[in-house]
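First up is the structure itself, then whatever we jot down about it.
Numbering (this note's numbering), first residue to last: 144 to 387.
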């Protein structure tokens, strides 16, 4: 795998975090900071699987009880960007079923293995935000604000340019000085590894395989899925219609 041609900053990652889908508090599709190409790619796949939910009531029940899934997707099979994020079963205000997803999307030449190696807090926070949106019925604005906090988890995903420093007395001023800088802020917390250990060793940002694993926000059993090729109806069933 070739080295990335550009090393993204914390500001690049923050700007590249968007979301799309249906919220129980909204009447129809909602999205923020995702390009039309990315949204259309997701919609084409999800439209393949949604008819399964209309075949019988049990399909709708299984969909509602499906876990939140983490994903790592390459820029291939029509996907214009590498994407890291989470997807959850959801619905709109009148009950029409459709997932809600959060995606950090980057050009493949921005990808560095550290994005996955340091992603544990990112996936944890994204999953918690999705759970609150789907279960507690927060508004579009509240959900979007909750995702703003995810940028605080992204320093661990950056290729190292600064040292990790332990907490120090009076160190709160560092939070203010680091805020908004293009360089990675100084970190003052214990790092956590990826929620899928070693995934960074075999994820190819332009390859054919996508990776899916359960987010722990709902306490779901740990499951992982590697899918070869473009997302299809079989993958939709595996993710959303195989849990009781």
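Here a beta-carbon is modelled for each residue, glycine too, at the ideal position from N, C-alpha and C.
query, result
"Backbone CA spacing between residue 223 and residue 351 [nearest angstrom]", "13 Å"
"Distance between beta carbons of residue 354 and residue 206, contact taken as under 8 Å", "About 21 Å separates the two Cβ atoms, so there is no contact after all."
"Coarse secondary structure for residue 357, derived from DSSP in three states", "strand"
"Reduced DSSP secondary structure (H/G/I, E/B, other) of residue 237", "coil"
"Through-space distance from residue 227 to residue 258, alpha-carbon basis", "9 Å"
"Any 3 or more C-beta pairs closer than 8 Å across the stretch 167-176 and the stretch 291-305", "no"
"Spatial distance of residue 237 from residue 384 (CA atoms)", "22 Å"
"Beta-carbon gap between residue 157 and residue 297 smaller than 8 Å", "yes"
"Own chain partners of residue 210 with C-beta closer than 7 Å, once the 5 adjacent residues on each side are dropped", "357, 358, 361, 363, 386"
"Length-filtered (4 minimum) alpha helix (DSSP H) runs lying within the stretch 145-178", "153-158"
"Exposure label - residue 371; buried when at least 16 CB within 10 Å", "exposed"
"Sufficient close CB pairs (3 or more, under 8 Å) joining the stretch 240-259 to the stretch 193-206", "yes"
"Alpha-carbon spacing of residue 280 relative to residue 159, whole angstroms", "25 Å"
"Straight-line Cα distance separating residue 203 from residue 300", "36 Å"
"Closest Cα partner of residue 244 within the set 161, 342, 381", "161"
"Distance between beta carbons of residue 182 and residue 174, contact taken as under 8 Å", "6 Å"
"Same chain, Cβ closer than 6 Å to residue 271, neighbours up to 5 away in sequence not counted", "360"
"Within the stretch 218-295, ranges of the alpha helix (DSSP H) (whole runs, at least 4 residues)", "257-260, 263-279, 283-291"
"Cβ pair residue 254, residue 225 closer than 8 Å", "yes"
"Local conformation of residue 364 per DSSP, three classes", "coil"
"Residue 377 classed as buried or exposed, judged by whether at least 16 other C-beta atoms fall within 10 angstroms", "exposed"
"Collapsed DSSP secondary structure at residue 215 in the structure displayed", "strand"
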